[in-house]
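Asks:
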Amino acid sequence: MGNSVCLSGYERQLSSVKTIIAETNSRIISDPPDPLFLNNTNFFVKSYLVIICSYLEAYLQDCAFEYAELLTRRIDSARAPKNFIYWRVLQDKFSPDNNDFGTIDLLVKKEDISEIISPNPHKTLKLFNRLGVNLMEVEGFRNHKSIVGSVVSKRNNIVHHNDQASDITMLDLLSYIDVFLIYIKEIDSRLF
Numbered sequence: 001m002g003n004s005v006c007l008s009g010y011e012r013q014l015s016s017v018k019t020i021i022a023e024t025n026s027r028i029i030s031d032p033p034d035p036l037f038l039n040n041t042n043f044f045v046k047s048y049l050v051i052i053c054s055y056l057e058a059y060l061q062d063c064a065f066e067y068a069e070l071l072t073r074r075i076d077s078a079r080a081p082k083n084f085i086y087w088r089v090l091q092d093k094f095s096p097d098n099n100d101f102g103t104i105d106l107l108v109k110k111e112d113i114s115e116i117i118s119p120n121p122h123k124t125l126k127l128f129n130r131l132g133v134n135l136m137e138v139e140g141f142r143n144h145k146s147i148v149g150s151v152v153s154k155r156n157n158i159v160h161h162n163d164q165a166s167d168i169t170m171l172d173l174l175s176y177i178d179v180f181l182i183y184i185k186e187i188d189s190r191l192f
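Numbering (my numbering), first residue to last: 1 to 192.
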């Protein structure tokens with residue numbers, strides 16, 4: 001299988017943040033430590049956590065939209081009559097007097113996805129279920145959804161409740177990025 005158009009861009013963005021976090025960590029643990037980084041470690045940790053979760057959410061949105069566009073193109077190319085689709089979807093509720101003979105148009109707008117997307121794995125599952133994709137069949141999703149959920153929950157507590165990130169280190173952030181990279185690559189490989 002191929003990759004989505006957007007995957008490599010998000011891989012680069014997450015890798016760039018990883019480089020920045022590693023540099024920040026080296027300045028904190030250097031001898032002597034850089035006072036700017038040492039005295040503001042919690043600020044940097046919180047900022048980086050928000051950024052990596054934002055990249056995850058943006059990837060999921062772009063990936064879902066790209067997949068929805070792919071599905072729409074496939075359906076459009078079939079030139080399926082609306083009445084046929086209505087009959088098969090509605091079954092007994094379909095009115096045989098329906099005179100809608102045009103072809104079906106199932107256009108998905110980016111807003112349709114952005115309104116329901118979240119990096120929270122439970123919400124991600126729901127969105128991809130709408131797209132006909134069972135992410136629980138994706139090993140990388142299944143194996144990493146609990147850690148991704150935990151990281152997203154920490155991010156939400158920081159953003160919505162101004163919680164501290166005192167239990168998270170720069171090294172934790174680096175490992176979260178590694179998990180996020182596996183997670184998005186596995187989702188992507190299932191779709192494209």
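Note that beta-carbon positions come from the ideal geometry of N, C-alpha and C, so glycine has one too.
Buried or exposed for Glu57, please, with buried defined as at least 16 other CB atoms from any protein chain shown within 10 angstroms of its CB.
Replies: Within the sequence shown, the letter at position 57 stands for residue 57. Result: buried.
Asks: Along the alpha helix (DSSP H) that carries Gly132, what are the first and last residues, could you check?
Replies: Residue numbering aside, residue 132 sits at position 132 when the sequence shown is read from its first letter. Here Gly132 belongs to no alpha helix (DSSP H), and DSSP marks it neither H nor E.
Asks: Would Leu71 pass as a contact of Phe192 if the rule is Cβ separation under 9 Å?
Replies: The count along the sequence shown starts at 1 and reaches residue 71 at position 71. The count along the sequence shown starts at 1 and reaches residue 192 at position 192. Their beta carbons are not under 9 Å apart, which means Leu71 does not touch Phe192 by this criterion.
Asks: Buried or exposed: Asp188, going by 16 or more other Cβ atoms within 10 Å of its Cβ?
Replies: The residue given as residue 188 occupies position 188 in the sequence shown. Looking at its Cβ environment, which holds 16 or more other Cβ atoms inside 10 Å, Asp188 is buried.
Asks: I need the straight-line Cα distance from Asp97 to Trp87, nearest angstrom please.
Replies: Counting from one through the sequence shown, the residue named residue 97 turns up at place 97. Counting from one through the sequence shown, the residue named residue 87 turns up at place 87. Going by the C-alpha atoms only, they are around 11 Å apart.
Asks: Please confirm whether Tyr176 and Gly140 have their CB atoms less than 9 Å apart.
Replies: Here residue 176 corresponds to residue number 176 of the sequence shown, with the count starting at 1. Here residue 140 corresponds to residue number 140 of the sequence shown, with the count starting at 1. Contact: no.
Asks: Should the stretch 145-158 be regarded as contacting the stretch 110-126, the criterion being three or more beta carbon pairs within less than 8 Å?
Replies: yes
Asks: Below 7 Å CB to CB, which residues in the same chain sit around Ile85 once its five sequence neighbours on both sides are set aside?
Replies: As a working mapping, residue 85 is identified with position 85 in the sequence shown. Taking Ile85 as the centre and dropping the five residues before and after it, the same chain places the C-beta of Ile104 closer than 7 Å to its C-beta, in chain order.
Asks: Can you tell me which of the three DSSP states Pro81 falls into?
Replies: Looking up residue 81 in the sequence shown gives position 81. Residue state, collapsed to three classes: strand.
Asks: Can you tell which of Phe65, Val89 and Tyr10 has its C-alpha closest to the C-alpha of Ser54?
Replies: For the purposes of this step, residue 54 is taken as the residue at position 54 of the sequence shown. Taking Ser54 as reference, the option from Phe65, Val89 and Tyr10 with the minimal CA-CA separation is Tyr10.
Asks: Starting from Asn103, follow its DSSP beta bridges and name the residues at the other end.
Replies: Here residue 103 refers to the residue found at position 103 of the sequence shown. The sequence given here has Thr at residue 103, not Asn. According to DSSP, which records beta bridges pairwise, Thr103 is partnered with Pro81.
Asks: Tell me the DSSP secondary structure of Leu39 in three-state form.
Replies: One-based indexing of the sequence shown puts residue 39 at position 39. It should be noted that the sequence gives Asn, not Leu, for residue 39. Of the three classes helix, strand and coil, the one that applies to Asn39 here is helix, per DSSP.
Asks: Can you check which of these residues, Arg155, Val89, Leu181 and Leu131, is closest to Asn143 by C-alpha distance?
Replies: The residue labelled residue 143 in the question sits at position 143 within the sequence shown. Minimum Cα-Cα distance from Asn143 among the listed residues Arg155, Val89, Leu181 and Leu131 corresponds to Leu181.
Asks: Label Lys154 either buried or exposed according to how many other C-beta atoms from any shown protein chain fall within 10 Å of its C-beta, with 16 as the threshold for buried.
Replies: Within the sequence shown, numbered from 1, the residue matching residue 154 stands at position 154. By the 10 Å Cβ count, Lys154 comes out buried.
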